[in-house]
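> Numbering (my numbering), first residue to last: 128 to 458. Before I ask anything, let me first share the structure, which is written out below as structure tokens.
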Ligand code: CO
Ligand code: ZN
């Protein structure tokens, strides 16, 4: 577990630049599926064949992560940038950014208006240690992308890493693929591109596969930290079966089926209602004439920061639920 999660999360692959993570996942899964392809959007799509009378089930997790893109280099070699996805200023200050060519920078800020207010992104810059514009331009170019650089830590109970959103979903799908043998249903695993910039990869993938049902795996917030938002989801509470988020209301049959399967296999679960945010499930549900879609969420603290945190036992519960659902879905 530790090694695979460390590798998956330490790779830098912001939205639209998923090559590195896709190549890594492809190697990891190629001996555990019947077919594998990359589509025009950069989605990695793997299939495990089922029996003749089985259904078609699609699982999805996104490969991309939030990041930054250089849009200006000043005379002194400092970089200005735009956000790729939900890259928040209140998480960013003084953290390290790794560009895809390996160059590392630190996020600094202009003089603050007030000591209590967070500076907006356009008051932040990236310091790559260059002494001039000319020197900086040799290190990075306009349009280059970077992500947080952070070491992944796995303890007995917790995983702390950047990009657990949604590499932990990718990890669960990889583990499930290695576990599922001769399933009744044909199972597709979509490692989707460009979720963080508006669920752009999963939709065309699901449209083309047009499965009988779909389940997306992604992180969700929690209500279990001091003075946090009121939310029922907590770390160690088990797989979070989505009821609603700001993009979807879960298909009732899929939601009930996920609960039934969890109960039957004694998998710990909880219900998720997320006020702000959505997942690939939102895009999948409303493509191809509509697809019955559910979502299994991994409870996570500090989402979109360099130190996202999830529970080891929740990850195991989610994996068990994916494997059981793949085998038993029959509605
Ligand atoms: Co996200
Ligand atoms: Zn996500």
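Using N, Cα and C, we set each Cβ at its ideal position, and we do this for glycine too. Predicted model only: the values in this text are computed from it and were never measured.
1. What residues match up with residue 165 in a beta bridge as DSSP calls it?
2. Using only alpha-carbon positions, find the residue among 152, 183, 146 that is nearest to residue 168.
3. Assign residue 278 to buried or exposed, taking buried as 16 or more other Cβ atoms, counted over all protein chains shown, within 10 Å of its Cβ.
4. Where in the stretch 367-450 do unbroken runs of the alpha helix (DSSP H), each at least 4 residues long, occur, reported from the N-terminal end onward?
5. Considering Cα atoms alone, identify which of 291, 446, 170 is closest to residue 334.
6. Under the three-state reduction of DSSP, which class applies to residue 235: helix, strand or coil?
7. Does the distance between the C-beta of residue 435 and the nearest non-hydrogen atom of the ligand ZN fall short of 8 Å?
8. Could you tell me whether the Cβ atoms of residue 307 and residue 210 are closer together than 9 Å?
9. Looking at the structure shown, is residue 277 part of a helix, part of a strand, or coil, going by DSSP?
10. Which residue from 198, 237, 288 puts its Cα closest to that of residue 268?
11. Going by the beta-carbon positions, is the gap between residue 319 and residue 420 smaller than 9 Å?
12. Give the residues whose C-beta lies closer than 5 Å to at least one heavy atom of the ligand ZN, in chain order.
13. Are the Cβ atoms of residue 281 and residue 133 separated by less than 9 Å?
14. Is it true that the CB of residue 407 sits closer than 9 Å to the CB of residue 240?
15. Using 10 angstroms around the beta-carbon of residue 184, count the other beta-carbons present and answer buried if the total reaches 16, otherwise exposed.
16. Which residue's Cα is closest to the Cα of residue 401: 271, 436, 449, 346?
17. Using the three-state DSSP reduction, which class does residue 297 fall into: helix, strand or coil?
18. Report the residue from 383, 431, 414, 418 whose alpha carbon sits nearest the alpha carbon of residue 448.
19. Exposed or buried, what is residue 405 when buried is set at 16 or more other beta-carbons lying within 10 Å of its beta-carbon?
20. For residue 349, which residues from the same chain have a beta carbon less than 8 Å from its beta carbon, with the 5 sequence-adjacent residues on both sides left out?
21. Give the C-beta separation of residue 193 and residue 141 to the nearest angstrom, bearing in mind that I take them to be a contact with Cβ-Cβ under 8 Å.
22. Please report the residue range of the beta strand (DSSP E) in which residue 187 lies.
23. Does the ligand CO have a heavy atom nearer than 8 Å to the CB of residue 322?
Checking against the coordinates, here is how it stands:
1. In the DSSP output, where bridge partners are listed per residue, residue 165 has 171.
2. Nearest of 152, 183, 146 to residue 168, Cα basis: 146.
3. Taking all protein chains shown into account, residue 278 has fewer than 16 neighbouring C-beta atoms within 10 Å of its C-beta and is therefore exposed.
4. With a minimum length of 4 residues, the continuous alpha helix (DSSP H) runs that stay inside the stretch 367-450 are 379-391, 407-412.
5. Nearest of 291, 446, 170 to residue 334, Cα basis: 170.
6. Correct three-state label for residue 235: strand.
7. Flag unset: Cβ of residue 435 not near the ligand ZN.
8. No, Cβ-Cβ distance for residue 307 and residue 210 is not below 9 Å.
9. Of the three classes helix, strand and coil, the one that applies to residue 277 here is coil, per DSSP.
10. Scanning 198, 237, 288 for the CA closest to the CA of residue 268 turns up 198.
11. No, Cβ-Cβ distance for residue 319 and residue 420 is not below 9 Å.
12. The filter returns 292, 293, 345, in chain order.
13. Against a cut-off of 9 Å, the Cβ pair of residue 133 and residue 281 comes out as a contact.
14. Result no, Cβ atoms of residue 240 and residue 407 do not sit closer than 9 Å.
15. By the Cβ-count criterion, residue 184 is buried, with 16 or more other Cβ atoms from all chains shown falling within 10 Å of its own Cβ.
16. Comparing Cα positions, the closest option is 346.
17. Residue 297: helix per DSSP, three-state reduction.
18. In terms of Cα proximity to residue 448, the closest of 383, 431, 414, 418 is 383.
19. With 16 or more other Cβ atoms within 10 Å, it is buried.
20. Shown here for residue 349: same chain residues with a beta carbon closer than 8 Å to its own, the five before and five after excluded, namely 355, 358, 360, 361, 362, 426, 427, 428 in chain order.
21. Right, the Cβ-Cβ distance comes to about 7 Å (below 8 Å), so this counts as a contact.
22. 183-189 is the span of the beta strand (DSSP E), which, as asked, contains residue 187.
23. Yes, Cβ of residue 322 sits closer than 8 Å to a heavy atom of the ligand CO.
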